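**Student:**
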Amino acid sequence: MIATLEKKGVTLHVRDVSRQKLVRVDDVPPDATVGELIEGLLDRMNLPQHDADGRPLNYHARLEREGRHLHASEFVNDVLRTGDELVLQPNIQAGGHDVQPGDTPVHRARW
Amino acid sequence: MVSHPNRAVCRGKPRAMLENTVMANDGIRYQYMLEIHRREPAAHLATLPVAPDFAPALEWATLEAIRDDPDRRTVLNTHDSRIEPRWNPQRGRPYVSGLQAVVVRKGSPAVEFDVPLSYFHNLAKTASSALVEAGKLEAGEMFEYRVLAYPAQVEAGADRQPRQAGRSFRVTPIDEALPVDEQSLERFLAESTRLGPEDEDQMPVVIPRQVLDETADLMRQAEATETGGVLIGHLHRDGDCGTLFLEVTAQIPARHAQAELTRLTFTPETWAAVDAAIALRAKHEMYVGWWHTHPAGHWCDDCPAETRKQCQAAGKLSGDFFSAHDAALHRTAFPRAFSVALVLSDGCHACRDPVWRLYGWRYDMIWSRGFHVLDTAAAPVAATSPVLRGGETDV
Numbered sequence: 161m162i163a164t165l166e167k168k169g170v171t172l173h174v175r176d177v178s179r180q181k182l183v184r185v186d187d188v189p190p191d192a193t194v195g196e197l198i199e200g201l202l203d204r205m206n207l208p209q210h211d212a213d214g215r216p217l218n219y220h221a222r223l224e225r226e227g228r229h230l231h232a233s234e235f236v237n238d239v240l241r242t243g244d245e246l247v248l249q250p251n252i253q254a255g256g257h258d259v260q261p262g263d264t265p266v267h268r269a270r271w
Numbered sequence: 004m005v006s007h008p009n010r011a012v013c014r015g016k017p018r019a020m021l022e023n024t025v026m027a028n029d030g031i032r033y034q035y036m037l038e039i040h041r042r043e044p045a046a047h048l049a050t051l052p053v054a055p056d057f058a059p060a061l062e063w064a065t066l067e068a069i070r071d072d073p074d075r076r077t078v079l080n081t082h083d084s085r086i087e088p089r090w091n092p093q094r095g096r097p098y099v100s101g102l103q104a105v106v107v108r109k110g111s112p113a114v115e116f117d118v119p120l121s122y123f124h125n126l127a128k129t130a131s132s133a134l135v136e137a138g139k140l141e142a143g144e145m146f147e148y149r150v151l152a153y154p155a156q157v158e159a160g161a162d163r164q165p166r167q168a169g170r171s172f173r174v175t176p177i178d179e180a181l182p183v184d185e186q187s188l189e190r191f192l193a194e195s196t197r198l199g200p201e202d203e204d205q206m207p208v209v210i211p212r213q214v215l216d217e218t219a220d221l222m223r224q225a226e227a228t229e230t231g232g233v234l235i236g237h238l239h240r241d242g243d244c245g246t247l248f249l250e251v252t253a254q255i256p257a258r259h260a261q262a263e264l265t266r267l268t269f270t271p272e273t274w275a276a277v278d279a280a281i282a283l284r285a286k287h288e289m290y291v292g293w294w295h296t297h298p299a300g301h302w303c304d305d306c307p308a309e310t311r312k313q314c315q316a317a318g319k320l321s322g323d324f325f326s327a328h329d330a331a332l333h334r335t336a337f338p339r340a341f342s343v344a345l346v347l348s349d350g351c352h353a354c355r356d357p358v359w360r361l362y363g364w365r366y367d368m369i370w371s372r373g374f375h376v377l378d379t380a381a382a383p384v385a386a387t388s389p390v391l392r393g394g395e396t397d398v
């Protein structure tokens, strides 16, 4: 008789891109995708989810053990092991393309 | 009003700060609202809920709480800190006259820092755009706003452990002290030239002239596209007075970035390349900021002379500013309050020489700030014009 063992959740360490914020993540479901993992981490790591135009920010998870960015569709069960460390790295724009003085009303705090 | 005492680089004792006995994050949160009024004729236009991003204010307050305390580890996590409203003494609740960042410290009394009401300026600006679209305000019209706060009781920590159906997991912040070594600030300053506005209340930042020269060279090479990179370095604590200061040691060019005339995209491959460079240097450096260019000298390459004149008259030809996109990148990738952003710009007509401007967190927002150029040679060109704060153009 063969017993089916339920695979336990994975425990990870995750850093922000500066590597100055570190969290431990316990009980990551093995059948979750990397994209779901990232989505669930952003709020809890206080990481912005939108850019200056209100568009969703795209983060990639870099797996330190393999030195590669994981694809959002990969499954935790397939690519991550307990003890792994991920770094969340955004695709984000800077620049002077939005500066047009006078396009909004002038405002003051009032007391 | 906000009161932030001026202070010297070194002081005999920590700066004055309010202390109380708040020992825990009690879970009380507030829903903030903006009450928007037309100035003339006076009229209430709308009361709108807003969701301020308090992370920068908490980061700044957390750094301030340890900056001058040599006995305190440089743990900058903010999960035990919170923002509370200060009630308007004339109008009373729910009207707010300012905010307090309360930093809870294990084994010590909490410390509080004032946060100005200007924290809501960008939210008011965003709200005003909706009112313009709705026809309640004209573009450019003056309006005023009041800030209101209503208690929104939630369970302690509930906002940090949201559950997604079928995809729940636990997230626990880890208190990790950043590396800080003891150095003499006086020695650094003796070999440096100050650049930019002088403000003794700011944490000193030292940048080697070589780094500025490299950024200028890369700007010239990039010609009509933006370019940039990551600033790396160390946090030091002065051996005499115990205050923290920042040393930039190098810049790592942003490889694999997508560069255009008016934008620069840092990709995941960019960050990975920076990490690899830091590892290769093996000097235990960390991210301390970033730099990028505004090649304003090329913005009007294709414009006719008449258009250039109009733009110049409207003050649009300078690249000496920090845009909302710049602020968003800084908030996303460099959230720690000691992080800085260096912008190189030039002008369309008279001046093609690069101008350096450093920005950093102050109190709660990103402001232009001074720094020290580590070199005995002549200082680079200093920006002298008024500066725009990230995302704001008209406050």
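Each protein sequence line maps, in turn, to chains A and B.
In terms of our numbering, the first sequence opens at residue 161 and continues consecutively.
In terms of our numbering, the second sequence opens at residue 4 and continues consecutively.
We put the beta carbon where it would ideally sit given N, CA and C, even for glycine.
Since we're looking at a predicted model, the values are computed, not measured.
In the DSSP assignment, the alpha helix (DSSP H) including residue 336 (chain B) goes from what residue to what residue?
**Tutor:** Here residue 336 (chain B) corresponds to residue number 333 of the second sequence, with the count starting at 1. Unbroken alpha helix (DSSP H) run through residue 336 (chain B): 327-336.
**Student:** Applying a beta-carbon distance threshold of less than 8 angstroms, which residues of chain B neighbour residue 274 (chain A)?
**Tutor:** Because chain A is modelled from 161 through 271, residue 274 (chain A) falls outside the range shown and cannot be assessed.
**Student:** Please confirm if the stretch 232-250 of chain B is in contact with the stretch 282-295 of chain B, defined as three or more CB-CB distances below 8 angstroms between the two stretches.
**Tutor:** A contact exists between the stretch 232-250 of chain B and the stretch 282-295 of chain B.
**Student:** Assuming residue 64 (chain B) and residue 107 (chain B) form a contact by the criterion Cβ under 8 angstroms, report the distance between their Cβ atoms to the nearest whole angstrom.
**Tutor:** The residue labelled residue 64 (chain B) in the question sits at position 61 within the second sequence. The residue labelled residue 107 (chain B) in the question sits at position 104 within the second sequence. The pair is not a contact, with the Cβ atoms about 11 angstroms apart (cut-off 8 angstroms).
**Student:** To the nearest angstrom, how far is it from the Cα of residue 254 (chain A) to the Cα of residue 190 (chain B)?
**Tutor:** Taking the first residue of the first sequence as 1, we reach residue 254 (chain A) at position 94. Taking the first residue of the second sequence as 1, we reach residue 190 (chain B) at position 187. Going from the Cα of residue 254 (chain A) to the Cα of residue 190 (chain B) covers about 35 angstroms.
**Student:** When burial is assigned at 16 or more other CB atoms within 10 Å of the CB, is residue 195 (chain B) buried or exposed?
**Tutor:** Counting from one through the second sequence, the residue named residue 195 (chain B) turns up at place 192. Buried, since its Cβ has 16 or more Cβ neighbours within 10 Å.
**Student:** Whole angstroms is fine: what's the gap from residue 364 (chain B)'s alpha carbon to residue 241 (chain A)'s?
**Tutor:** To locate residue 364 (chain B), count along the second sequence from 1; it is residue 361. To locate residue 241 (chain A), count along the first sequence from 1; it is residue 81. Cα-Cα distance, rounded: 37 angstroms.
**Student:** If I follow the unbroken beta strand (DSSP E) through residue 238 (chain A), where does it start and stop?
**Tutor:** Along the first sequence, read from residue 1 onward, the residue named residue 238 (chain A) stands at position 78. Segment 236-239 is the alpha helix (DSSP H) holding residue 238 (chain A); no beta strand (DSSP E) there.
**Student:** Who are residue 193 (chain A)'s beta bridge partners in DSSP?
**Tutor:** As a working mapping, residue 193 (chain A) is identified with position 33 in the first sequence. According to DSSP, residue 193 (chain A) bridges with A:235.
**Student:** Thinking just about the alpha-carbon of each residue, which of B:149, B:340, B:272 and B:33 is nearest to the one in residue 50 (chain B)?
**Tutor:** Within the second sequence, numbered from 1, the residue matching residue 50 (chain B) stands at position 47. Checked all of B:149, B:340, B:272 and B:33; the closest Cα to residue 50 (chain B) is B:149.
**Student:** Taking the alpha-carbon positions, what's the residue 126 (chain B) to residue 331 (chain B) distance?
**Tutor:** Taking the first residue of the second sequence as 1, we reach residue 126 (chain B) at position 123. Taking the first residue of the second sequence as 1, we reach residue 331 (chain B) at position 328. Approximately 14 angstroms between the Cα atoms of the pair.
**Student:** Measuring CB to CB, does residue 210 (chain B) end up less than 8 angstroms from residue 61 (chain B)?
**Tutor:** Residue numbering aside, residue 210 (chain B) sits at position 207 when the second sequence is read from its first letter. Residue numbering aside, residue 61 (chain B) sits at position 58 when the second sequence is read from its first letter. Result no, Cβ atoms of residue 210 (chain B) and residue 61 (chain B) do not sit closer than 8 angstroms.
**Student:** Answer yes or no: does any C-beta atom of chain B fall closer than 8 angstroms to that of residue 212 (chain A)?
**Tutor:** Looking up residue 212 (chain A) in the first sequence gives position 52. Taking Cβ atoms only, chain B reaches closer than 8 angstroms to residue 212 (chain A), which makes this a yes.
**Student:** Give the C-beta separation of residue 134 (chain B) and residue 48 (chain B) to the nearest angstrom, bearing in mind that I take them to be a contact with Cβ-Cβ under 8 angstroms.
**Tutor:** By one-based count along the second sequence, residue 134 (chain B) stands at place 131. By one-based count along the second sequence, residue 48 (chain B) stands at place 45. Right, the Cβ-Cβ distance comes to about 6 angstroms (below 8 angstroms), so this counts as a contact.
**Student:** Counting only Cβ pairs nearer than 9 angstroms, list the residues of chain B close to residue 229 (chain A).
**Tutor:** By 1-based counting over the first sequence, the position of residue 229 (chain A) is 69. Ordered by position in chain B, the residues that pass the 9 angstroms Cβ test against residue 229 (chain A) are 271, 272 and 275.
**Student:** Would you say residue 140 (chain B) and residue 99 (chain B) are within 8 angstroms of each other, going by their C-beta atoms?
**Tutor:** Locating residue 140 (chain B) in the second sequence gives position 137, where the first residue counts as 1. Locating residue 99 (chain B) in the second sequence gives position 96, where the first residue counts as 1. Taking 8 angstroms as the Cβ cut-off, residue 140 (chain B) and residue 99 (chain B) do not qualify as a contacting pair.
**Student:** What are the residues that DSSP puts in a beta bridge with residue 206 (chain A)?
**Tutor:** Your numbering for residue 206 (chain A) matches position 46 in the first sequence. Bridge partners of residue 206 (chain A): none, in fact.
**Student:** Using the three-state DSSP reduction, which class does residue 205 (chain B) fall into: helix, strand or coil?
**Tutor:** Looking up residue 205 (chain B) in the second sequence gives position 202. If DSSP states are grouped into helix, strand and coil, residue 205 (chain B) belongs with coil.
**Student:** Just checking my contact of residue 77 (chain B) with residue 181 (chain B) at CB under 8 angstroms: how many whole Å lie between their CB atoms?
**Tutor:** Locating residue 77 (chain B) in the second sequence gives position 74, counting from the first residue. Locating residue 181 (chain B) in the second sequence gives position 178, counting from the first residue. Going by Cβ atoms, the distance from residue 77 (chain B) to residue 181 (chain B) rounds to 4 angstroms, so yes, they are a contact pair.
**Student:** Could you check how far apart the C-beta atoms of residue 272 (chain B) and residue 228 (chain B) are, in whole angstroms? I think they sit under 8 angstroms.
**Tutor:** As a working note, residue 272 (chain B) is residue 269 in the second sequence. As a working note, residue 228 (chain B) is residue 225 in the second sequence. Actually they are not in contact, since the Cβ atoms of residue 272 (chain B) and residue 228 (chain B) sit about 18 angstroms apart, beyond 8 angstroms.
**Student:** Under a Cβ-count criterion, where at least 16 other Cβ atoms within 10 Å of its own Cβ denotes burial, should residue 32 (chain B) be classed as buried or exposed?
**Tutor:** The residue labelled residue 32 (chain B) in the question sits at position 29 within the second sequence. By the neighbour-count rule (16 or more Cβ atoms within 10 Å), residue 32 (chain B) is buried.
**Student:** With 8 angstroms as the threshold, decide whether the Cβ of residue 174 (chain B) is near any Cβ in chain A.
**Tutor:** One-based indexing of the second sequence puts residue 174 (chain B) at position 171. For residue 174 (chain B), the answer is yes, since a Cβ of chain A falls inside 8 angstroms of its Cβ.
**Student:** Thinking C-alpha only, which one of B:111, B:113 and B:117 is nearest residue 102 (chain B)?
**Tutor:** Working through the second sequence from its first residue, we reach residue 102 (chain B) at position 99. Checked all of B:111, B:113 and B:117; the closest Cα to residue 102 (chain B) is B:117.
**Student:** Give me the Cα-Cα distance between residue 24 (chain B) and residue 94 (chain B), rounded to the nearest whole angstrom.
**Tutor:** Within the second sequence, the letter at position 21 stands for residue 24 (chain B). Within the second sequence, the letter at position 91 stands for residue 94 (chain B). In this predicted model, residue 24 (chain B) has a pLDDT of only 26, less than 50, meaning its place in the structure is not dependable; the value taken from the coordinates is given anyway. When rounded, the distance between both Cα atoms is 27 angstroms.
**Student:** Reducing DSSP to helix, strand and coil, say where residue 136 (chain B) ends up.
**Tutor:** Sequence index remark: in the second sequence, residue 136 (chain B) carries index 133 (1-based). Three-state DSSP puts residue 136 (chain B) in a helix.
**Student:** Which residues does DSSP pair with residue 252 (chain B) in a beta bridge?
**Tutor:** Walking along the second sequence from the start, residue 252 (chain B) turns up at place 249. For residue 252 (chain B), which the question treats as bridged, DSSP gives no partner whatsoever.
**Student:** Tell me the rounded alpha-carbon separation between residue 6 (chain B) and residue 59 (chain B).
**Tutor:** By 1-based counting over the second sequence, the position of residue 6 (chain B) is 3. By 1-based counting over the second sequence, the position of residue 59 (chain B) is 56. Confidence in residue 6 (chain B) is poor, its pLDDT being 31 and thus under 50, which makes the residue's placement unreliable; the coordinate value appears in the next sentence. Cα to Cα, the separation comes out at about 19 angstroms.
**Student:** Could you please give me the residues that DSSP links to residue 179 (chain B) through a beta bridge?
**Tutor:** In the second sequence, the residue the question calls residue 179 (chain B) occupies position 176. Looking at the DSSP assignment, residue 179 (chain B) forms no beta bridge with any residue, so it has no partner.
**Student:** Helix, strand or coil for residue 287 (chain B)? Go by DSSP, reduced to three states.
**Tutor:** Walking along the second sequence from the start, residue 287 (chain B) turns up at place 284. Of the three classes helix, strand and coil, the one that applies to residue 287 (chain B) here is coil, per DSSP.
**Student:** For the structure I just gave you, are there three or more beta carbon pairs, one from the stretch 296-312 of chain B and one from the stretch 188-199 of chain A, closer than 8 angstroms?
**Tutor:** Segments in contact, no.
**Student:** Tell me the rounded alpha-carbon separation between residue 91 (chain B) and residue 38 (chain B).
**Tutor:** Translated into positions along the second sequence, residue 91 (chain B) becomes position 88. Translated into positions along the second sequence, residue 38 (chain B) becomes position 35. Distance between the alpha carbons of residue 91 (chain B) and residue 38 (chain B): 14 angstroms.
**Student:** Check distances from the C-beta atoms of the stretch 182-200 of chain A to those of chain B and list, in chain order, the residues that come in under 7 angstroms.
**Tutor:** The stretch 182-200 of chain A vs chain B, Cβ under 7 angstroms: 182, 183, 184, 185, 186, 187, 188, 189, 192, 196 and 200.
**Student:** Strictly under 8 angstroms for the Cβ-Cβ distance: is residue 295 (chain B) near chain A by that measure?
**Tutor:** Sequence index remark: in the second sequence, residue 295 (chain B) carries index 292 (1-based). Cβ-Cβ to chain A under 8 angstroms: yes for residue 295 (chain B).
**Student:** Which of the three DSSP states, helix, strand or coil, is assigned to residue 216 (chain A)?
**Tutor:** Numbered from 1 along the first sequence, position 56 holds the residue referred to as residue 216 (chain A). Reduced to three states, the DSSP call for residue 216 (chain A) is strand.
**Student:** Roughly how far, in whole angstroms, is the beta-carbon of residue 177 (chain A) from the beta-carbon of residue 201 (chain A), given that I think they are within contact range, below 8 angstroms?
**Tutor:** Position 17 of the first sequence, counting from 1, holds the residue named residue 177 (chain A). Position 41 of the first sequence, counting from 1, holds the residue named residue 201 (chain A). About 13 angstroms; that fails the 8 angstroms criterion.
**Student:** Kindly indicate the opening and closing residues of the beta strand (DSSP E) around residue 112 (chain B).
**Tutor:** Residue 112 (chain B) sits at position 109 when you count from the first residue of the second sequence. 111-118 is the extent of the beta strand (DSSP E) around residue 112 (chain B).
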